[in-house]
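Here is the structure we will look at.
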Amino acid sequence: MRYALAIFFAAILAFSSALAGHNDHVTADAQFDVKVIEPLTVVDDGDIVLDDVIQGQIRNWTAEIITFTISGEPTYPIDVTITGPTANGNNPSGALLLLGAGVSAAPTHLDASGDATVTWTCTGANATNAGTGTYVFSLNVEAKYTGM
Amino acid sequence: MFKKIIILMIILSAWSFLQAQDIDFNTPVSESGNMTCTIVTPLSATPSMEFDFLNWPTVAVGSKYEFGDSENEDSDKRSIILFTGENEREVEITVETETMKDNVEISFTFRGTANPQIGQPLSAIPVLYFNNGKEIVSLSTEGKYYLHIIYNWVWAHENATTGVKTFVQRIKVQYHNI
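Going line by line, the protein sequences match chains B and Z.
First residue of the first sequence: 1, per the working numbering; consecutive thereafter.
First residue of the second sequence: 1001, per the working numbering; consecutive thereafter.
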């Protein structure tokens, strides 16, 4: 009986060693995360035709505003480049001076809703030294994510 | 050979598709807005007279003198005021008239046209009634408008004082809706 038990335990030990296996694979995981964010867009709410002004005079009016909305990933930093206002090359000779608050400061971050705005405000025009005809002024707003 | 051509076409199509997706990374996006302002020519008004106004008739107290046989349609006494400004713009004309002074009364009619014609009879020029105190008219393609004050008659009523009487008609003009 004692001899039979010894054989039994020896068999179990041998079987266990066989389960550990020889040259089994060892593994480690490397993680590669990619965050996909909203693309940036810039849209304005439309060109503005200001009131007519008589040559040689100054005219004031209720603020006319063009709003540029920059949309993208909420809270992300952005670089915004504002160019202008630039007088159109085909403007009449002379100088027309737009009055008002002008262009707002360039935003540096998108807000919690993913938006930032640039505004261009005009509350009047000084045509003291202007020629007659139609003047066009343009403002360009360019945006990109910072540090990408 | 055919297989290679098919594969080449697939590769080119895929490349074109990727190009169409604007795959450049973090390319700036931009938008431009315009403000447009039109500067118009200032209005001016230049008075002139037809015939010799120093040669007005002498009117006796209690009498009425009519110019022409049909008053404002053939009167030879007229003031003409030329307005100049921006081509084809609408202007508002208002008048402050003076018709009675020292019991001497005058009568006149306003007519106006942007395009006077040579030989055109007075009756062909539209009458301006100045309802609500003003008339809105359009300048011509050359930016002109001619306002006529056509005098019909002068009447020195009984108890009019003698002497030279001066009647002033003040014409004001401004751009409409500016």
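For each residue, glycine too, the CB sits at the ideal point set by N, CA and C.
- Collapsing the DSSP output to three states places S104(B) in coil.
- Contact between the region 43 to 55 of chain B and the region 79 to 87 of chain B is absent: fewer than three C-beta pairs spanning the two stretches fall below 8 Å.
- Close to V1040(Z), with beta-carbon spacing below 8 Å, are these residues of chain B in chain order: D52, V53, I54, Q55 and T132.
- The beta carbon of L99(B) sits closer than 8 Å to those of I58, N60, C122, T123, G124, A125 and N126, all from its chain and outside the five residues before and after it, given in chain order.
- Collapsing the DSSP output to three states places A1124(Z) in a helix.
- Counting along the chain, no beta strand (DSSP E) covers T1166(Z), and no H or E run does either.
- Boundaries of the beta strand (DSSP E) around S1138(Z): K1134 to S1138.
- If you ignore the 5 residues before and after I65(B), its C-beta comes within less than 6 Å of the C-beta of T119 and T121, all in its own chain and listed in chain order.
- By the neighbour-count definition (other C-beta atoms within 10 Å, threshold 16), R1170(Z) is an exposed residue.
- Collapsing the DSSP output to three states places N1131(Z) in a helix.
- Taking 8 Å as the cut-off, the beta carbon of V1137(Z) is found no closer than this to the beta carbon of V1095(Z).
- Just so you know, the alpha carbons of V141(B) and T117(B) end up roughly 10 Å apart.
- For K1172(Z), the CB contacts under 8 Å within the same chain, skipping 5 residues up- and downstream, are I1093, T1094, V1095 and E1096 in chain order.
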